[in-house]
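Asker: There's a structure below that I have some questions on.
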């Protein structure tokens with residue numbers, strides 16, 4: 001229990017002390033609580049609704065990390081509820097509130113719930129229809145039934161409206177930092193892989209087990225590309241409808257071309273890394289030893305210089321981008337020298353580059369391609385930092 005309290009206390013401290021995931025989560029929870037409370041108060045105390053929970057449920061359901069997504073979810077959710085209630089009304093007033101009518105309502109609602117235009121809210125068609133059926137069955141007269149079904153839609157509109165207003169007026173989410181956070185996470189996975197490869201190649205420790213570890217790490221890096229793209233998408237989607245983007249303090253951070261281009265270059269580098277790790281794994285199955293130690297050592301030095309570039313991206317900060325871009329370009333020059341050393345050693349020791357059963361040819365090709373993409377990344381960040 002003590003450890004849980006300490007863990008919870010540190011989580012709250014992080015949320016209070018820095019603008020990161022913890023603070024965003026706390027803020028979102030607080031906004032959900034406020035929107036749900038206001039919705040319940042209006043539905044229960046003012047409207048004296050039969051099913052007041054629809055309002056707070058709706059308010060929380062559409063509360064999202066971006067205003068644009070909240071708007072789209074609201075429209076889809078309202079559409080799903082209206083369709084579900086309409087299905088119940090059509091069947092209920094025709095066949096009555098018996099078991100056969102429920103079967104028909106369920107079949108139609110679940111079929112309409114496959115409508116892709118409703119997106120994530122498709123399941124709400126059936127949910128609304130079932131709740132509407134329950135409300136319809138509990139009412140005594142057709143007039144009461146019509147009022148109750150209309151009230152469901154009204155409560156949903158109230159909850160969605162309050163949710164949108166709260167999300168808009170209270171610290172509307174402006175997630176421009178998500179773009180650089182995604183790049184940092186991707187760079188962190190790349191740094192780990194490059195560091196381990198540099199260590200393994202320099203020591204000659206490239207047995208089958210370690211090659212498999214590299215291949216697994218390469219797959220993790222590829223997964224991180226998707227997460228980085230999600231972060232970039234979140235950053236871009238947080239701008240529409242957001243009044244905070246007009247504030248002078250935020251205007252310098254609301255363009256994402258630099259991150260999109262840098263991510264594209266890193267994604268291509270990730271592809272080369274993944275290809276390299278897979279190739280090492282396959283060739284290691286047939287090769288008992290790597291006999292060209294100087295070439296591997298030179299390649300290890302090259303991997304270490306790429307790791308140093310990635311380390312700067314791990315600490316990427318828009319406020320320090322000019323200095324960081326300059327540092328990356330300097331490191332890129334060092335990496336170019338390390339690559340040239342790899343090429344020189346390959347020529348000096350006569351590596352069998354044309355032998356497809358050995359890894360050396362692919363090592364050289366992938367080294368050149370990796371350098372191109374890392375140089376592209378440095379150039380993109382340098383150009384946008386100077387603009």
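In our numbering, the protein residues as written are 1 to 387.
Every residue, glycine too, gets a C-beta built ideally from N, C-alpha and C.
Select from 375, 87, 102, 152 the residue whose C-alpha is nearest the C-alpha of residue 326.
Answerer: Across the set 375, 87, 102, 152, the C-alpha of 375 shows the shortest separation from the C-alpha of residue 326.
Asker: Go ahead and pull the three-state DSSP assignment for residue 40.
Answerer: helix
Asker: Buried or exposed: where does residue 301 fall if 16 or more other Cβ atoms within 10 Å of its Cβ makes it buried?
Answerer: The residue in question, residue 301, is buried, as its Cβ has 16 or more Cβ neighbours within 10 Å.
Asker: Given a cut-off of 9 Å on the beta-carbon distance, is the pair residue 183 and residue 316 in contact?
Answerer: Judged by beta-carbon spacing, residue 316 lies within the 9 Å limit of residue 183, meaning their Cβ atoms are closer than that value.
Asker: Quick check on this structure: which residue in 216, 131, 367 has the alpha carbon closest to the alpha carbon of residue 82?
Answerer: 131
Asker: Per DSSP, what kind of secondary structure is residue 254 in: helix, strand or coil?
Answerer: Any reading at residue 254 is ruled out, since the residue's pLDDT is 47, under 50, leaving its predicted position unreliable.
Asker: Would you kindly report the start and end of the unbroken alpha helix (DSSP H) that includes residue 326?
Answerer: Counting along the chain, the alpha helix (DSSP H) containing residue 326 begins and ends at 321-348.
Asker: Between residue 324 and the rest of its own chain, which residues show a CB-CB distance below 6 Å, the 5 nearest in sequence each way excluded?
Answerer: 312
Asker: Here's the rule I'm using: 16 or more other beta-carbon atoms within 10 Å means buried, otherwise exposed. How should residue 219 be labelled?
Answerer: It counts as exposed.
Asker: Could you pull out every residue in the same chain whose Cβ sits closer than 6 Å to the Cβ of residue 202, ignoring the five residues on either side in sequence?
Answerer: 297, 300
Asker: Could you give the DSSP three-state label for residue 101: helix, strand or coil?
Answerer: helix
Asker: Leaving out the 5 sequence neighbours to the left and right, which residues in its chain are closer than 7 Å to residue 193 when beta-carbon positions are compared?
Answerer: The answer, listed in chain order, is 214, 217, 218, 221, 273.
Asker: Measuring straight from C-alpha to C-alpha, what distance separates residue 210 and residue 200?
Answerer: Their backbone Cα atoms lie some 8 Å apart in a straight line.
Asker: By Cβ distance below 7 Å, which residues in the same chain neighbour residue 159 in space, the five residues on each side in sequence not counted?
Answerer: If we look at residue 159 and ignore the five residues flanking it on each side, its Cβ neighbours are 39, 54, 55, 56, 57, 58, 59.
Asker: Excluding sequence positions up to five away, which residues of its chain have a Cβ less than 8 Å from the Cβ of residue 122?
Answerer: 80, 113, 114, 115, 116
Asker: Spell out whether any CB of chain D is found under 9 Å from the CB atom of residue 30.
Answerer: Absence of chain D from the displayed structure is noted, only one protein chain being present.
Asker: Please state if the CB of residue 145 and the CB of residue 93 are separated by a distance shorter than 9 Å.
Answerer: The Cβ atoms of residue 93 and residue 145 lie closer than 9 Å to each other.
Asker: Got a sec, what are the start and stop residues for the alpha helix (DSSP H) residue 134 sits in?
Answerer: Per DSSP, residue 134 belongs to the alpha helix (DSSP H) from 123-138.
Asker: What are the start and end residues of the alpha helix (DSSP H) that includes residue 163?
Answerer: Counted as a single uninterrupted DSSP element, the alpha helix (DSSP H) harbouring residue 163 occupies residues 142-169.
Asker: What residue from 377, 198, 330 has the CA that sits closest to residue 277's CA?
Answerer: 198
Asker: Output needed for residue 364: all residues of its chain with C-beta closer than 8 Å, excluding positions within five of it in sequence on either side, in chain order.
Answerer: 342, 343, 346, 351, 353
Asker: As a quick exercise: from 270, 378, 95, pick the residue whose alpha carbon is nearest that of residue 366.
Answerer: 270
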